[in-house]
Structures are given as structure tokens and as C-alpha cells.
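Remarks on the structure that follows.
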Amino acid sequence: MSDGGVRRVRAGRRTVEVHRPDKVLFPRGDDTKVFDLDPAVDDFARVRETALYLGESLDMLRLPSAPMTTGSRGLHIVVPLSGHHGFDEVREFAGGVAEVPAAAHPDRLTTAARRKERGDRLHLDVQRNAYAQTAVAPYSVRAEPGAPVAVFLGWDQLDDPDLTARRWTIADAVEQARTRPWGGLMRRGRALGPARRRLDAMV
């Protein structure tokens, strides 16, 4: 279907938000890992701090990564992969990575899947990586007041204390896109073998 046809279908269905499937290029493997930082309370400073901590952990594992606002409440940390690992394998590895900050700050962070077990702790969600699961697409408008947009960020932008998940809207998201904060990130996909061995040595 052409882009125009897609737009007409979306308009006919009154669709605003776009969520992409976890797999596009490798339907039976995973080429992108998404860590969803989902706050239980309105505390974006905690989201920023957690993102930076997770980014440092990924650096130690020698995995490239970058943050993205969701246009809603939290942040996504995106890691490009080789596409040669299955969903279950990637999710298990990601769970191990998420446990590092969660174990270091159990009063503030959690990997608990059940909402009632989280309390007011920030949820490190790795469940976006499963067959047929979706995550908000980059530069999707969200169905929220002010029409916020999910945008790519550079790591240095997380140092801004005024940053929020809804910082960019349809009025100025193009300006952020023009800065190309991710550069060639998605062409740097890695296999998990070496990172898994480094993770085992860390925990």
C-alpha cells in the first residue's frame, strides 16, 4: 500500500498514534531491544537518572544504545542488535541487564511484571521484545493533550533538568529530528554473545 493509502486508512480509522512491530527485517529474530522506563509516579528526574545508569551499563557491555522520548510518561532506551537472536533469548538477556540497576536501587526500581508489586517504583519493562509485540514508533504523535511526539534524543540531552517525555510536540519535533541525534546508530547492531559474557562477569 502506498504512503497515501496508509494515511487514508489511518484517517478513516481515526488513528493518531503509530506503534511499530518489534520485528521488521528479521521476523523470526530480534534486531532491536527496547527498554521501556515506565514511571509509576510523576518523577521524570528518576526516569532520566535511570536512563543514564542503564546507558552506562550498556556501555560496559559494549552495546550501542540511545534514548527516545515516548511522548507519554517515560523513556525508551533502544539497542540495535544483529537480528540473529530469537525473541526469548533477547528478552532473557535484557531481563538480566535490567536487574543490574534494579538490584542496586530496589527501593526505586523494579522489574516486576505485576503492577500491584511495583508500588511507586519505576518499572524497567523488557516485555516489548516478543513476537508480535509493539512499541511506539519514532516521531509518532501521541493521543495526549498538546499532541506530544516521540523523538530521538542524544545522551547529553538527558542532563537537562527541564526535559520531560512530552517535551516535543507536532509544533517543534521536526527541529529535533533535524539534529540527527542517533546518526548511524541502527546500522551498528551487535550479536549478544560477547555482551552476555560481560554481563555474567558483572553480576
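Residues in the sequence shown are numbered consecutively from 1, following the UniProt record's numbering. The C-beta atom is built at its ideal place from N, Cα and C for all residues, glycine as well.
A distance below 7 Å between beta-carbons, with the five flanking residues on each side excluded, links residue 167 to the following residues of its chain, in chain order: 69. Nearest C-alpha to residue 119 among 46, 126, 110 and 127: 110. Taken through DSSP and simplified to helix, strand or coil, residue 41 comes out as coil. Residue 73 sits away from residue 36, with the two beta carbons spaced by 8 Å or more. 8 Å or more divides the Cβ of residue 46 from the Cβ of residue 158. Per DSSP, the beta bridge partners of residue 125 are 36.
Between the C-alpha atoms of residue 127 and residue 174 there is a straight-line separation of about 29 Å. A direct Cα-Cα distance of roughly 30 Å separates residue 151 from residue 117. Linking residue 113 to residue 179 through their CA atoms gives a straight-line distance of about 36 Å.
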